[in-house]
Amino acid sequence: MDSIVYIADMETYELLFINKYGIDIFGDVKGKTCWKTLQNDQTGPCEFCTNKFLVSAKGKPTGIYTWEHQNTSNNKWYECRDQAIYWFDNHLVLMEIATDITQRKLQEKELISQAAIWSSLMASVHEGIFEIDQSGNTTFFNTTALNLLGYSKESALKGKSIHALIQHKYANGKPYPVQSSQILNVLKTGKDIFIDEDIFWRADGQAIPVSYHATPVNESTGITGVVITFEDISERLKIRQQVQDKVQELEQFNKLAIGREIKMIELKKDINRLLKEQGKDNKFNLDELL
Numbered sequence: 067m068d069s070i071v072y073i074a075d076m077e078t079y080e081l082l083f084i085n086k087y088g089i090d091i092f093g094d095v096k097g098k099t100c101w102k103t104l105q106n107d108q109t110g111p112c113e114f115c116t117n118k119f120l121v122s123a124k125g126k127p128t129g130i131y132t133w134e135h136q137n138t139s140n141n142k143w144y145e146c147r148d149q150a151i152y153w154f155d156n157h158l159v160l161m162e163i164a165t166d167i168t169q170r171k172l173q174e175k176e177l178i179s180q181a182a183i184w185s186s187l188m189a190s191v192h193e194g195i196f197e198i199d200q201s202g203n204t205t206f207f208n209t210t211a212l213n214l215l216g217y218s219k220e221s222a223l224k225g226k227s228i229h230a231l232i233q234h235k236y237a238n239g240k241p242y243p244v245q246s247s248q249i250l251n252v253l254k255t256g257k258d259i260f261i262d263e264d265i266f267w268r269a270d271g272q273a274i275p276v277s278y279h280a281t282p283v284n285e286s287t288g289i290t291g292v293v294i295t296f297e298d299i300s301e302r303l304k305i306r307q308q309v310q311d312k313v314q315e316l317e318q319f320n321k322l323a324i325g326r327e328i329k330m331i332e333l334k335k336d337i338n339r340l341l342k343e344q345g346k347d348n349k350f351n352l353d354e355l356l
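For the sequence shown, the residue numbers in this note's numbering are 67 to 356.
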């Protein structure tokens, strides 16, 4: 059995029994005090001792109490299942079954660390990022996505239809059929898409112009969702409009300038004609103006 099993007196803390697995780790400590031999640097009974949870006010066993603890003697983590049982002389003793879960705790720590790194990364990027599942319901939003869409908490969005949240109607207010959704279509095709110009609807009912990239999440079981990255292109559209306005302004100016030049040529022609009728030389060389 890959678990430490020991029995200790609940009043004197004397170890009455320890199995071979426990002896291999702590030595033959039967007859010794549990808090002196199973832990390090204890000057008295362990502050985390579970005796108080194992017996009711009437002195009856309360059942199994499960907890996790890092042993101070070998620094390993154990899942402990403690309970009060009746010993041979009919008095209550503590029985603990402690299973080594150190590897699991290390994996949990690594996952927590990775999750923290991922969370920090997602919070720092300037693009909005969100994910949907196979049903088109949201599973994740980074901070930028929440800010761009006008939400303060991810919980307000998770588990809801992405189409109903941000793509339920066109800019003119007409309903946007769910079957026309290019994002949801990625779940069917399994192909990446990039949309240069579209709109998403915010929490306040306002539309924001966006460009977005939708990528399927492929696992061994097939497509399990879609990750969407997007950015607000309001500034880009503003600059484009300013450029278009300047071009139109220049075109109008050119038209006016050309029209004015044509009028000047006609006027000079009239002056030359009048001078010619008077027998005088031309004042303007029209060949230079053509």
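Ideal placement from N, C-alpha and C gives every residue a C-beta, glycine not left out.
- Judged by DSSP secondary structure, Asp90 falls within the alpha helix (DSSP H) whose first and last residues are 86–92.
- Take Gly125, set aside five residues on each side of it, and the residues of its chain with a beta-carbon closer than 8 Å to its own are Leu158, in chain order.
- For Cys100, the enclosing alpha helix (DSSP H) covers residues 100–103.
- The region 265–276 makes contact with the region 289–299; the number of CB pairs closer than 8 Å reaches 3 or more.
- In the structure shown, Ile299 falls within a coil segment according to DSSP collapsed to helix, strand and coil.
- Within the same chain, Ala237, Ile265, Phe266, Trp267 come within 8 Å of Ala273 by CB-CB distance, once the 5 residues on both sides are set aside.
- Rounded to the nearest whole angstrom, the C-alpha separation of Phe350 and Leu303 is 49 Å.
- Judged by their CB atoms, Leu81 and Tyr87 are not nearer to each other than the 7 Å cut-off.
- A distance below 6 Å between beta-carbons, with the five flanking residues on each side excluded, links Arg147 to the following residues of its chain, in chain order: Ile130, Thr132, Ile163.
- According to DSSP, residue pairing for Cys146 in a beta bridge involves Trp133, Ala164.
- Rounded to whole angstroms, Arg326 and Leu212 show a C-alpha spacing of 56 Å.
- Taking a C-beta distance under 7 Å as the contact criterion, Gly225 and Asn203 qualify as a contact pair.
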